[in-house]
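Asks: The structure follows.
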Amino acid sequence: MGAIATLLVLLLLCAGKADEDITLHNEINIPFVYRLLMSYAPDSYTVESQYGNPDIVRKERDYTYEIHEMADGSKLVSFFYPRGGHLTDQWRLSRLPERSEFEVLVPGEALAQEVKRIDPYFKLMTDATHETGTSEHRLRDTGLATIQYKHAGGRWIVDSIGYTDQDPSGFVTKLRTEDRAIFWKS
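Take a look at the structure:
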């Protein structure tokens, strides 16, 4: 296994060990760049065996996506390559937050718990030292919020928030209009 793959495995193993009840949710909501680095990509059959038959299946020219209704009312959206059916992206959400919701968080003061109230299924990916972490949040306007954290006093504190106007995964833009509307509630 290459050095990058080994590092990724270590990051993924450490990701569920965050304090403040910030836990992994079915190993999903991995930042897009980490998903690209993964050497193993589950296929649609693996996702179906974990979550059952999808409630919605959309076949587009360059990709297919499925939406699973989760027991708590949230949705799991999985994107696949059309040939081979390998998973390219997977995100669990109940709604798409707006940038303005993150803009009220004050770096140096806001805690991961406040982020969790905005985006309850986010994943805090920690580094090997468990002193810093990162989370990604897909936004309603097709952008992306990336939050950096510092671990101090047993808490994850927001260190900085960066915004990208266009999510590199294209998550929101790939959804059909009728499916996008599902996630636009407040």
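Using mature numbering (1 follows the signal peptide of the UniProt record, and there is no 0), the letters of the sequence shown map in sequence onto residues -20 to -1, 1 to 166. Built from N, CA and C at the ideal position, the CB exists for glycine as well. Remember, predicted model here, so these are calculated numbers, not experimental data.
Output the boundary residues of the alpha helix (DSSP H) element that contains residue 152.
Replies: Along the sequence shown, read from residue 1 onward, the residue named residue 152 stands at position 172. That run of the alpha helix (DSSP H) goes 151 to 154.
Asks: Expressed to the nearest angstrom, what Euclidean distance is found between the alpha-carbon atoms of residue 105 and residue 165?
Replies: Residue 105 sits at position 125 when you count from the first residue of the sequence shown. Residue 165 sits at position 185 when you count from the first residue of the sequence shown. Near 27 Å, if we compare the C-alpha coordinates of residue 165 and residue 105.
Asks: My parser needs the alpha helix (DSSP H) runs of 4 or more residues fully inside the region 49 to 124; what are they?
Replies: For the region 49 to 124, whole alpha helix (DSSP H) runs of length 4 or above, ordered along the chain, are 79 to 83, 92 to 98.
Asks: Can you tell me which of 76, 111, 62, 54 puts its alpha carbon nearest to the alpha carbon of residue 160?
Replies: Your numbering for residue 160 matches position 180 in the sequence shown. Taking only the C-alpha atoms, the option nearest residue 160 is 76.
Asks: Counting only the same chain and skipping the five closest in sequence on each side, list residues whose C-beta sits under 7 Å from that of residue 87.
Replies: Taking the sequence shown and counting its residues from 1, the one referred to as residue 87 is at position 107. Once the five neighbours on either side are set aside, the close Cβ partners of residue 87 are 138, 139, 140, 141.
Asks: Only counting the same chain, and skipping five residues up and downstream in sequence, which positions put a Cβ closer than 8 Å to that of residue 43?
Replies: In the sequence shown, counting from the first residue as 1, residue 43 sits at position 63. For residue 43, where only same-chain residues beyond five positions count, the Cβ hits under 8 Å are 59, 60, 61, 62, 68, 154.
Asks: For residue 38, which residues does DSSP report across the bridge?
Replies: Residue mapping note: residue 38 aligns to position 58 of the sequence shown, counting from 1. The partner list for residue 38 (beta bridge, DSSP) reads 45.
Asks: Just to confirm the assignment, what range does the beta strand (DSSP E) spanning residue 139 have?
Replies: In the sequence shown, the residue the question calls residue 139 occupies position 159. Unbroken beta strand (DSSP E) run through residue 139: 135 to 144.
Asks: Measure the alpha-carbon distance for residue 120 versus residue 151 and round it to whole angstroms.
Replies: Within the sequence shown, the letter at position 140 stands for residue 120. Within the sequence shown, the letter at position 171 stands for residue 151. Computed Cα separation, rounded: 10 Å.
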